[in-house]
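If you're matching them up, the sequences are chains A, B, C and D in order. In terms of the numbering used here, the first sequence opens at residue 1 and continues consecutively. In terms of the numbering used here, the second sequence opens at residue 334 and continues consecutively. In terms of the numbering used here, the third sequence opens at residue 667 and continues consecutively. In terms of the numbering used here, the fourth sequence opens at residue 1000 and continues consecutively. Even for Gly, the Cβ is constructed at its ideal location relative to N, Cα and C. Here the structure is a predicted model, which means the values were calculated and not measured.
4 protein chains.
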Amino acid sequence: MIIQLNTNCSPAEREQLDQLLKNNNIKMVEIQTQFNHYLVCVLNKEYDIRNIGNLPGVQDVHRVTDSYKLVSRQWKNISTSIDLGDGVVIQEGNFTLMAGPCSIESEEQVERIVNELVKNNVKIMRGGVFKPRSSPYSFRGLGIDGLKMFHAQCKSRGIKIVTEVMQVSQIEEMVDYVDIFQVGARNTQNFNLLDALGSVDVPVMIKRGISGTIDELLQSAEYIFSAGNEKLMLCERGIRTFENVYRNTFDINAIPILKEKSHLPVIADPSHGIGIRKHVDKIALASLAAGADGAIIEMHYEPERAFSDGQQNLNFEEFRELVQKINMLRELI
Amino acid sequence: MIIQLNTNCSPAEREQLDQLLKNNNIKMVEIQTQFNHYLVCVLNKEYDIRNIGNLPGVQDVHRVTDSYKLVSRQWKNISTSIDLGDGVVIQEGNFTLMAGPCSIESEEQVERIVNELVKNNVKIMRGGVFKPRSSPYSFRGLGIDGLKMFHAQCKSRGIKIVTEVMQVSQIEEMVDYVDIFQVGARNTQNFNLLDALGSVDVPVMIKRGISGTIDELLQSAEYIFSAGNEKLMLCERGIRTFENVYRNTFDINAIPILKEKSHLPVIADPSHGIGIRKHVDKIALASLAAGADGAIIEMHYEPERAFSDGQQNLNFEEFRELVQKINMLRELI
Amino acid sequence: MIIQLNTNCSPAEREQLDQLLKNNNIKMVEIQTQFNHYLVCVLNKEYDIRNIGNLPGVQDVHRVTDSYKLVSRQWKNISTSIDLGDGVVIQEGNFTLMAGPCSIESEEQVERIVNELVKNNVKIMRGGVFKPRSSPYSFRGLGIDGLKMFHAQCKSRGIKIVTEVMQVSQIEEMVDYVDIFQVGARNTQNFNLLDALGSVDVPVMIKRGISGTIDELLQSAEYIFSAGNEKLMLCERGIRTFENVYRNTFDINAIPILKEKSHLPVIADPSHGIGIRKHVDKIALASLAAGADGAIIEMHYEPERAFSDGQQNLNFEEFRELVQKINMLRELI
Amino acid sequence: MIIQLNTNCSPAEREQLDQLLKNNNIKMVEIQTQFNHYLVCVLNKEYDIRNIGNLPGVQDVHRVTDSYKLVSRQWKNISTSIDLGDGVVIQEGNFTLMAGPCSIESEEQVERIVNELVKNNVKIMRGGVFKPRSSPYSFRGLGIDGLKMFHAQCKSRGIKIVTEVMQVSQIEEMVDYVDIFQVGARNTQNFNLLDALGSVDVPVMIKRGISGTIDELLQSAEYIFSAGNEKLMLCERGIRTFENVYRNTFDINAIPILKEKSHLPVIADPSHGIGIRKHVDKIALASLAAGADGAIIEMHYEPERAFSDGQQNLNFEEFRELVQKINMLRELI
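Below is the structure:
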C-alpha cells in the first residue's frame, strides 16, 4: 500500500495516521522525494484501505501488489514526464532522441557533434567520460575535466547532457555538469549507487542489466525513487543470449511490458541493442512502433576512428536519415 | 561456390564442366529444384571462378562463404517472392498477414474466422490440425479430417492455408490441402522432415528453433532448398531466455539480420513472440518497422474458449484494429 | 492419479472400476506397456483415492501432481533398472559406462574400439550411423548397412549397442540391431518419434533438448512410457548458454533434480556437455559424484582423424585413465 | 607480454629496460603489487622477447595472448596459494571449506555457528553484514557494527572471516575485521570497487557475474591484480539460464576451465549454484571431483528462521554429513 500525504499534512493529522497504522500492525517506510511525501506499507490483505483514504492529511492511497511499489503503474496511472528545462521534456507521445559518441574524445569532437545535433533539432547529447571497460588496460574516458569541457560546449548551444556515473564518489563532482545521470547495465544492481542517486535532484536513466529481468530493473528504479528522486527513466539496451551474430539481443517485448507495468518513460538503446551500425535504424524504428518514449543513439563523424564502439556508431549521413524516418513515423503514431 | 546451369545445358556442355571440376579436385553436390539446376561446390580459395562462369551451359557462378549456400544473399541478391496463386504473393514491400486460430476446432469455428479474414482482406489462414504438445495427455488436433474440412471451407472463399506438418508420413496425405507447410520450432532441426519437404512443390515456412541460432535456421532452410524446393520462408517466433514475464522473447534483431543474410522472405510471429494478447499488436508493428515481409497472428472469436493458446489470441475487434494499424504503417514504409 | 491394474484383473472387476470412474466423472487414458496396465486419470482434488485402491483388480493407486505422471517418482519410488541381457544392467549404484566414437566409420574402426572396450570391461558401445547435422552438406553417417556391420562385430564380443534413431521409419529397420535407441537433443520433442518408440520393446535413452527444461524432458519421456515402453533412461548433455568458451554448458544441477523427480536412470554425457577433450574426465567424475547412474563417452583411437566431434573424443590412453578414476570413485560412493 | 622485475632492480637497469621498450615502440603499464613489480606490455607479434629476458634487472618475461594478463596461467604456471595466517592456507590439493549463514543476525547466532565450525574443523566463516538485495525494502544486513561483533567472536576461536564488500567507501571501515573480501555477483563489473580492492593487502574472492562469461571474470580479477593485490580467488556461483526449477544453474564446466586458464584458486558456491538445500551436497562433491580448490556453503542451525536464503541453508546435521563426505572424497583425490 502506498499512502501519499498532503503537502500540508499537519502534525496532528500525521499523528492520527501513524496511530491507525500502529493499531493495525502495519509497518511502513517513510519516503520524501523532491515532490512528495509517501508512506510505503506492507499490508495484510484483508485490511480496508478506505479507512486510511478517508483520513485528513492523506491525499490518496493505493494497494500495490507488485514487488516494486512507487514505480508501479498500479499506483500511478498517469505516465511520468521528465522536464529537463528550456522546453526539453521527455514524455509519452513525444519520442525523444538522445545522440552522440560512445566516449567524449576532444573539444573538436564535441563541437562537431553538437553542430550536427543542432541541425537535426536533437536536444540531448550522450557521451561517456567515465567508461566501464571489461579490461583494466582499455581507455577509461577523459574523466571530470572532459565532462566540464563537454558541458561548456553544450550549455552554450542549448544541448542537454546524458552521461554515465559509475560510483557514489563521482556524483558530487559531476552533478553541476549533467542533465541526466545514466546508470549503466553493469551497475543496475549497484545498490549503493542507486541509493546515492536518490538524494540528488537530477533525472536518472537506469539501464536494464546485461541479463537483468524486468522485475529487477523496476526494483532498481524503486531504490532511487524510494531514496528521494522521482525523476526516473528506464532503458532497454539488449540482453545477453546464446546468439553471437549480434552483440546483444534487443528485447522489444520489454518496451510494451515496461510501459504497462510502470509509469516511467521507457527509452530504447538500439546501438547497444543490436551493435551493428547498418541495422541500428531498424531497431530504433521498431522501438518507436512498439511504444518507446525515446531512443539513445551512438553517432560519430568518423565511426571508424571512434575511441570505442565504432562498429555501432552511425555516421552523420546515416544519423540524418534516421532522424527523418523517426519524424515520419512519429507523425503517424 | 554455386554454379547455376542453363535450363538447356547440353550433355556435352555438362561434360565439359564436370571435367573442369574434376581436374581441379572440386567436389560438388548436384541440386535440382522445381525451377533450376545447381552445383554446390566446396572451393579452394584461390580458384578463379571466372574459369567456370565463362563456360557454355553455365548461367552464373558465385562464391558463397556462408555455411549455408543456396539460401544466402551472397549468391542471390534479389529477394525471393512466393506466389501462392490467385494473386496471393508473399514478397518484399508487401507486408502479408496470415491469421487464424492456434488449432482448428470445428466447422463453425473455421467458417466464422474465414468470414472475418475476408472482411479484413486477409488472404491466408493459419490453423493447426496436428499439434505438437509438450504433454502426451493434451489435445493433439483434429488430424487429417480436420484439414480436409478446413480446406473445403477456405477453398470456396479464396483463402490460402498455412498449417504445421510434424512428420514425413504426413506430407503425402496433407499435400493436396495445404498452401504453405509450416515447420514448427520443435522441428527446425528434424532433418528428415526437412529433406522430405524438399521433394514437394509446395511453399514451406520454417520457424526458428526455440533456442536456435540464425545460422542454424538458415542451414535448416538450406536442407529444404538443397533437396529441391525453392519456395521457402523464414519465421522468427521468439527465443527462450531467462525472462519469464513473457512466454518467449521476440528477437527483433533477427528480422534485419535474416533479411541481410538471406534472400528469403521473413515472417514474424508476434503471437508466440510475446505470448500476451494485449501486446501482440505492438510487436507486429515493430516487426513491420524492422523490415519483416509479413506476420502470422493468432486470433479467435472467443480467445477464452480456444482449445489452445487462448492467452495470446486476439479477438475479432483487436484483430481489426491491428489490420488497420498495419495498413497505415505499411503505407508509410 | 495413476491406477495400476492387477495383471489378472477380470472383466467384471474392470467393469466395476470403469463404472466408479464414470460415476465420479473421472476421465482416464488407458496405458498398456510391456510390463503393466495402467489408467492415468485427471483427478478432482477432493476425491478420496482409497475408494479405488480398495477395489478388486486394482494393484495400487497414487496421486501424482507433476505434469508428467508415469515417469514421476511421486508414483513409483523404487528406481528403475534397465536389463539389456547377458548381465548388463543399468541401475542405481552401478555407474554404467557407454563409450565409442561419434560416428561409425569402418569395420576396422569398430573392431579396434570394441577391443578397447573389452579390455576396460565396458559393455556398451555408442556409435552413430544416422547423424543429425546442422548442414545438409556434412557427413550423415553410414546408415543401416553400417549398423548391421556394427552389430555383427559387437554381438560376437558381448558388447551392447546404443545408437541414435532420427525418425519413425528407421525404427523398424534398426530394431533388430540395437540394444538402446538414443533420441538426440534435436529430437527430444519430435513427438511422433517418441510415440513410435513407445511401441517397441527396446530400451530408449532420451537426451534433454539443447535448451530444454527439466519438465519438458520428463514430459517427453512420458510420451514414450504412455505409448507402451517402460524401458527408459534420461540423458543430460549440456544446455546452450551465452558462454562460448565451451560448446555446451553441462548442467550438473539436472543430475540430482532428475533423480529426485523421476524413477528413471540418469546418464551423463560429458563429451557433449563440455566439448573439450582434456576436461571430459572431470565432468564425468563430477556427474558420478552428483549421483548419475552412468555416462556416455566419446572415444576414438585417433580423435584428430574422427569423421565428427574429434575435439571432444578421448584417445585410448585418456579413456583408460578415465575408467580407472571412475572405478575408484564408484568404489567410494 | 609480462615483464617481472627483480626486487632489487637498480635505477640504471630499469633505465636500460625502459629505453629498449621505447626504442621498440612498446607501450607498458607499470604494476606494483604487495609482492612484485611488473610491466604489462602490448606487444607486436614479431618482437623477440628474449631480448628483454636477457637484460639485467629482469627476472622473467612471458608472452600472454589472453585478454587478461597477470591472472593468466600462460604467465604463471604454478598455482597460487593464499595464506590467511595461523596455518589457514587456500591452495590446490587441499579443498578448503568456508561456511556460515547468509546474513549475520545476532551474537548468539554467530556463537552457535562458530562452535559448529570448530567441531568440524572448518576454519573460515562466511556471513554477510552488507547485503545486496533486489528490493530496497528487504533486510540489508547489520552493517559495520555487526561485522565488529562477528570479528570479535571469530578471532577468539581462530576462525577467519569472508564477507561481502559492496562499495569503495566500505573498504576502509571493514579492512581490520575481514580476512577475505568477497565481491558479489552483482559487483563483478563494479570496476571502481575492483580498483580500490587492489590497494589493500587483504585477499579477495571475486564471484562470477550472474550471466558473466569466463573471460569477463578473469578480466575483473585482472583489475584487482593490476591495481596491486595478488591475493585473489575466483568463485563460480551459478549462472542465470531459462531453467527455473532451480535458482541458478551451477556451471561445473567453469571449474576445470578456470583452473586451466588461470593460476588463481577456484572456489565453488553450491548453495547459490543450485539453491535447493537437499542437493547442495551433491554439487559440492561434484565441484571437488571437477577440480575446485574449495567451497563456500551456507548453513544455519535453523534454516527455516534464517533472515535470508533459508531455502538453501544446510542445517547442522546436513553440514556434518557434507563435511564427512568431502573429507572422504578429498582423501581419494
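**Study point:** Limits of the unbroken alpha helix (DSSP H) element including Arg519 (chain B)
**Key:** Here Arg519 (chain B) belongs to no alpha helix (DSSP H), and DSSP marks it neither H nor E.
### Three-way DSSP call (helix, strand, coil) for Cys154 (chain A) in this model
helix
Looking at C-alpha atoms only, which residue of C:Gly850, C:Thr829, C:Lys789, C:Thr915 is the closest neighbour of Val841 (chain C)?
C:Thr829
Open item on the list: My assumption, with CB atoms under 8 Å, is that Ala628 (chain B) sits in contact with Pro603 (chain B). Please give the rounded CB distance.
Closed with: 6 Å
For this session: Find the residues of chain A that neighbour Arg906 (chain C), judging by a C-beta separation of less than 8 Å, and give them in chain order.
Result: Phe242
With three or more C-beta pairs closer than 8 Å as the rule, is the region 883 to 890 of chain C touching the region 862 to 875 of chain C?
yes
(Q) Between the alpha carbons of Asp1214 (chain D) and Ser134 (chain A), how many angstroms are there, rounded? (A) 9 Å
Checklist entry - Taking Cβ-Cβ distances shorter than 7 Å, what residues in chain A pair up with Ile1209 (chain D)? => result Ser211
Quick one: what's Arg1125 (chain D) bridged to in DSSP? D:Val1161
Please look up how many angstroms separate the CB atoms of Leu995 (chain C) and Leu951 (chain C), rounded, as I've assumed it's under 8 Å. 6 Å
Would you mind stating whether Asp293 (chain A) and Leu322 (chain A) have Cβ atoms separated by less than 7 Å? no
In three-state DSSP terms, what is Ser928 (chain C)? strand
**Message:** Using the three-state DSSP reduction, which class does Ser1286 (chain D) fall into: helix, strand or coil?
**Reply:** helix
task = State the Cα-Cα distance for the pair Asp1065 (chain D) and Ile1081 (chain D), rounded to the nearest angstrom.
result = 23 Å
At a cut of 8 Å, does the region 817 to 836 of chain C reach the region 787 to 794 of chain C through at least three beta carbon pairs? yes
Could you work out which residue in D:Met1148, D:Phe1190, D:Gln1188, D:Asn1186 is closest to Val1177 (chain D) when comparing CA atoms only? D:Met1148
Limits of the beta strand (DSSP E) - the one that Val1060 (chain D) falls within = 1057 to 1061
Next item on the list: Could you tell me which of D:Gly1099, D:Phe1138, D:Met1000, D:Leu1141 sits nearest to Glu1045 (chain D), measuring between CA atoms?
Entry: D:Met1000
- Task: Would you kindly report the start and end of the unbroken beta strand (DSSP E) that includes Glu696 (chain C)?
- Result: 694 to 698
* Asked: What separation, rounded to the nearest whole angstrom, lies between the Cα atoms of Val266 (chain A) and Thr249 (chain A)?
  -> 17 Å
Considering Cα atoms alone, identify which of A:Val71, A:Arg186, A:Pro136 is closest to Gly1227 (chain D). A:Pro136
Residue closest to Asn356 (chain B), alpha-carbon to alpha-carbon, out of B:Asn339, B:Asn427, B:Ile385: B:Ile385
If you count every other CB in all the chains shown that lies within 10 Å of the CB of Gly608 (chain B), and 16 or more means buried, which is it?
buried
Subject >> Under 7 Å between C-beta atoms of His703 (chain C) and Leu671 (chain C) >> reply: yes
Self-check item: Chain-order list of residues whose beta-carbon lies under 7 Å from that of Asp752 (chain C) (same chain, five-residue window excluded)
Solution: Gly824
- prompt: Between Leu1284 (chain D) and chain C, is there a C-beta pair that is closer than 7 Å?
  reply: yes
### Same chain only: Cβ atoms within 6 Å of Phe985 (chain C), ignoring 5 sequence neighbours per side
Met965
- [ ] In the DSSP assignment, find the alpha helix (DSSP H) that holds Gly1293 (chain D) and state where it starts and stops.
- [x] That residue, Gly1293 (chain D), is in no alpha helix (DSSP H); its beta strand (DSSP E) goes 1293 to 1297.
(Q) For Glu1235 (chain D), list the residues DSSP reports as bridge partners. (A) D:Ala1267
Taking any Cβ of chain C, which residues in the region 522 to 541 of chain B have a Cβ under 7 Å from it, in chain order?
Gln522, Asn523, Phe524, Asn525
- Please confirm whether Cys335 (chain A) and Ile26 (chain A) have their CB atoms less than 7 Å apart. What the structure shows of chain A is the stretch from 1 to 333, and residue 335 (chain A) is not part of that stretch, so it cannot be assessed.
Original post:
Checking contacts by CB at 7 Å: is Tyr223 (chain A) closer than that to chain D?
Top reply: yes
Under 7 Å, Cβ to Cβ, is there at least one residue of chain B near Leu147 (chain A)?
no
- Could you spell out where the beta strand (DSSP E) holding Leu430 (chain B) opens and where it closes? 429 to 433
Per DSSP, what are the beta-bridge partners of Ile1179 (chain D) in this structure?
D:Val1161
**Report entry** For Gln682 (chain C) and Ile876 (chain C), the rounded distance between their alpha carbons
**Finding:** 46 Å
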